[in-house]
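>
Numbering (this note's numbering), first residue to last: 5 to 376.
1. Does the beta carbon of residue 293 sit closer than 8 Å to a beta carbon anywhere in chain C?
2. Whole angstroms are fine: how far does the CA of residue 147 sit from the CA of residue 258?
3. Suppose the cutoff is 6 Å on Cβ atoms and the five residues either side in sequence are ignored; what does the same chain contact list for residue 157 look like?
4. Across which residues does DSSP place residue 345 in a beta bridge pair?
5. Taking buried to mean at least 16 other C-beta atoms within 10 Å of its own C-beta, is residue 254 buried or exposed?
6. What distance in whole Å lies between the Cβ atoms of residue 302 and residue 347, which are believed to be in contact at a cut-off of 8 Å?
7. Would you tell me roughly how many angstroms separate the C-alpha atoms of residue 310 and residue 291, rounded to the nearest one?
8. Grab me the residues of residue 331's own chain with a C-beta within less than 8 Å of its C-beta, minus the 5 sequence neighbours each way, in chain order.
9. Output needed for residue 305: all residues of its chain with C-beta closer than 8 Å, excluding positions within five of it in sequence on either side, in chain order.
10. Report the start-end ranges of each alpha helix (DSSP H) in the stretch 254-339 that is 4 residues or longer and not cut off at the edges.
11. Rounding to the nearest angstrom, what Cα-Cα distance links residue 375 and residue 183 in this structure?
12. Could you give the residue range of the alpha helix (DSSP H) that holds residue 198?
13. By the three-class DSSP mapping on this structure, what secondary structure does residue 83 have?
14. Would you mind giving the Cβ-Cβ distance between residue 272 and residue 198, rounded to the nearest angstrom? I have them listed as a contact below 8 Å.
15. Would you mind sorting residue 249 into buried or exposed? The rule is 16 or more other CB atoms within 10 Å of its CB.
16. With DSSP run on the structure shown, which of helix, strand or coil describes residue 78?
17. So residue 185 packs on residue 174, CB below 8 Å; how close in whole Å?
18. Of the choices 366, 365 and 319, whose alpha-carbon is the least far from that of residue 353?
19. According to the neighbour-count rule (16 or more other Cβ atoms, all chains shown, within 10 Å of its Cβ), is residue 87 buried or exposed?
20. For the alpha helix (DSSP H) that residue 180 lies in, which residues bound it at each end?
21. Measure the alpha-carbon distance for residue 360 versus residue 129 and round it to whole angstroms.
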């Protein structure tokens, strides 16, 4: 049962309008502070757009530019250390540092004597000849003047030198013995003699002492055998020694004979052997050739070889590297069975040379001989 009037439905409320936001107040822009000039200088005027340029300048530099700059700085520091600081403070501590030394001029004699009381200035060289040395020559020269026959004097001196020990030989400029003798009868001439300088004897080296082995009975039979010694390597070949020769050069002219003695590097040698003829001479042929000569050609007295007997020897001897037949000359006027020899001769097997041997000194002299 209703106790009152029915309520009428409520009407919906209209929607509220959105609130409008109030606009924000603009920020106050502070005016840039005026730049102060330096003392005594006017204040620079402000130019529009300057502020933007300053902002651009304040931007950071790119990374590759920074890396390149850093590498250049490091390289400069390394170069400064290696070439300036290190050579100055660490020169004595580094043994590998090489110091360039300028060459110095060689030390040479300042004067060269001429005669007994006169000298001339010595040869002076620059630093580019720093390795040069000066050695005094061993040459000695004597001049013999006021000679009646200079060629004969030279011949006499050659004979004296041939009798020296060791003897001198007539040689050419290459120190090869000459077969032909010089002609001392010419008004002017020259002859060269030489001999080999004996080499010094090698020093004797004492062999090392070796201990004698113990008796076999005292050795332990169970002991291991002694190892064999390792063979030593072959020694290096010994270089050939330098040889020297004494030379005497004799030059003659009318009334004057100049003798120059010296010592030079070289060796006196014999000429190559003469090839043997296809038909060498026999003992009988050598005897016949000697019998066909005159005694004067053989240095014997008499006018004919009829007073002599020539007998050959079975053995041959070498003269200048050529085999020769020895021939003995006897006199038919000798007492029977006296075996008195009047001369001893050597004829080369090719029949081209004839030599006479001195019976006292055994000196061999080649004779003027024309083969048939």
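Cβ atoms here follow ideal geometry from the backbone N, Cα and C, with glycine treated the same way. Small disclaimer: the values here were computed from a predicted structure and weren't measured.
In short:
1. No chain C is present in this structure, which holds just one protein chain.
2. Our two residues, residue 258 and residue 147, have alpha carbons roughly 13 Å apart in a direct line.
3. Result list for residue 157: 151 and 261, in chain order.
4. Residue 345 is bridged by DSSP to 334.
5. Buried, because 16 or more other Cβ atoms sit within 10 Å of the Cβ of residue 254.
6. With 8 Å as the limit, residue 347 and residue 302 qualify as a contact, their Cβ atoms being about 6 Å apart.
7. Those two C-alpha atoms are separated by around 13 Å.
8. Taking C-beta separations shorter than 8 Å and ignoring five residues to either side along the sequence, the partners of residue 331 in its chain run 290, 291, 294, 314, 315, 316, 317, 348, 349, 350 and 351, following chain order.
9. 299, listed in sequence order.
10. The qualifying runs are 287-295.
11. Counting only the Cα atoms, residue 183 lies some 16 Å from residue 375.
12. Careful: residue 198 lies outside any alpha helix (DSSP H), inside the beta strand (DSSP E) at 193-200.
13. Assigned with DSSP and collapsed to three states, residue 83 falls in helix.
14. That belief holds up - the Cβ atoms of residue 272 and residue 198 are roughly 5 Å apart, short of 8 Å.
15. Label assigned to residue 249: buried.
16. DSSP places residue 78 in the helix class (H, G or I) of the three-state scheme.
17. At roughly 7 Å, the Cβ-Cβ gap stays under 8 Å, so residue 185 and residue 174 are in contact.
18. Per the Cα distances, 319.
19. Burial is judged here by how many other beta carbons sit within 10 angstroms of a residue's own beta carbon; residue 87 has fewer than 16 and is exposed.
20. That residue, residue 180, is in no alpha helix (DSSP H); it is neither H nor E in DSSP.
21. Computed Cα separation, rounded: 57 Å.
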